[in-house]
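Before any comments, here is the structure.
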Amino acid sequence: MSLNLSHFAAAVVFAVFASTVFGITQKETPMEQVRYGLYCFALFVGGVFLAGWVMALLRR
Amino acid sequence: MAKPTTDKVKNAAAEPEYPLTTIAVVAPIVGWLIPGGGHILLKRYLRGILLLVSVVTMFVIGLGMHGRIYKPNGGDILDILGFVGDVGSGALYFLARIMEWGDTLAANAAADYGKTFLIVAGLLNFIAAADAHHIALGKKP
């Protein structure tokens, strides 16, 4: 088996599963867990875009 | 008048708020060996299955990207920490070692991402095992 994910795809897949575990383990009620998981996912993916733009601007 | 207060302090010291039970010891061990197993043992089935799927998928993706599995070592600190992260996956780590999966050196970017997926899967499983311990103690619903 060989997987060839792009950097962005790998980052999004990583964000999905890491956010799931963070949501379940860091909060108590199901609603809090869902909200925290979505919050972590948004931060992960937002961080990818932010870092991408910073690197693109530095490259100019 | 001071006696009841002293008794309360003595009782508090004698009986911890969250006493350590057998299940509080067994659940994190099971959770470490089988990702999500601790939660399933404690009848948190949905959480357990989600943890199982998350950790196993990350581990499989890591192997699929030809990530490296660290062996026990006493060398570079990053290699030692890599081993600690990998071994967090419990049975998955031992299975990978037995089957000689991940016995490669990172030669490209994808393999480097794969190595990160493998380490993070183990670290997330450590968090999940600690969570199972807290649930078993009664600190968390």
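Protein chains in written order, with my numbering: chain A, 1 to 60; chain B, 61 to 201.
By construction, the Cβ of each residue, glycine as well, lies at the ideal position given by its N, Cα and C atoms.
All figures in this text were calculated on a predicted structure; none of them were measured in a lab.
Legend entry - Residues of its chain near Met61 (chain B), where Cβ-Cβ distance is below 7 Å and the 5 sequence neighbours each way are ignored: Bear in mind that a pLDDT of 46 at Met61 (chain B), under 50, signals an unreliable position, so the number given afterwards is only what the model happens to contain. Here the set comprises nothing.
Inset, instruction - Determine, using beta carbons only, whether Ile121 (chain B) and Tyr153 (chain B) come nearer to each other than 9 Å. - result: no
Inset, instruction - Say whether chain A places a C-beta atom closer than 9 Å to the C-beta of Phe177 (chain B). - result: yes
Legend entry - Sequence-distant residues of its chain with Cβ nearer than 6 Å to Ala170 (chain B) (five each side left out): Excluding residues within five positions, the ones whose Cβ falls inside 6 Å are Met125.
Legend entry - Top-ranked residue by Cα proximity to Gly47 (chain A), from A:Leu5, A:Gln26, A:Phe14: A:Phe14
Inset, instruction - State yes or no: is the beta carbon of Ala10 (chain A) nearer than 9 Å to at least one beta carbon in chain B? - result: yes
Inset, instruction - Decide if the region 83-97 of chain B is in contact with the region 126-146 of chain B; the criterion is three or more beta carbon pairs, one per stretch, under 8 Å apart. - result: no
Inset, instruction - Please look up how many angstroms separate the CB atoms of Tyr78 (chain B) and Lys199 (chain B), rounded, as I've assumed it's under 8 Å. - result: 6 Å
Legend entry - Proximal residues, the region 18-43 of chain A versus chain B, C-beta separation under 7 Å: Ala18, Thr20, Val21, Ile24, Thr25, Glu28
Legend entry - Test item: CB-CB of Ile83 (chain B) and Ala196 (chain B) under 9 Å: yes
Inset, instruction - Measure from the C-beta of Phe14 (chain A) to each C-beta in chain B and report whether the shortest distance is under 9 Å. - result: Yes, contact with chain B.
Legend entry - Which listed residue (B:Ile179, B:Trp92, B:Pro201, B:Tyr173) has its alpha carbon closest to that of Ala9 (chain A): Considering only alpha carbons, the answer is B:Tyr173.
Inset, instruction - Output, in chain order, the set of chain A residues within a Cβ distance shorter than 9 Å of Gly142 (chain B). - result: Those within 9 Å of Gly142 (chain B) in chain A number zero; the least Cβ separation is about 17 Å.
Legend entry - Within 9 Å, strictly: CB atoms of Ala181 (chain B) and Gly98 (chain B): no
Inset, instruction - Would you decide whether Ser2 (chain A) is buried or exposed? Buried here means 16 or more other CB atoms lie within 10 Å of its CB. - result: exposed
Legend entry - 7 Å Cβ shell around Met55 (chain A) - same chain, five flanking residues per side excluded: none
Inset, instruction - Measure the CB-CB distance between Asp187 (chain B) and Val21 (chain A) and report whether it falls below 9 Å. - result: According to the sequence shown, residue 187 (chain B) is Ile rather than Asp. In this structure, Ile187 (chain B) places its C-beta atom within 9 Å of the C-beta atom of Val21 (chain A).
Legend entry - Below-9 Å beta-carbon distance, Met55 (chain A) vs any chain B residue: no
Legend entry - Amino acids of chain A, ordered along the chain, whose beta-carbon sits closer than 7 Å to that of Leu184 (chain B): Ala18, Val21
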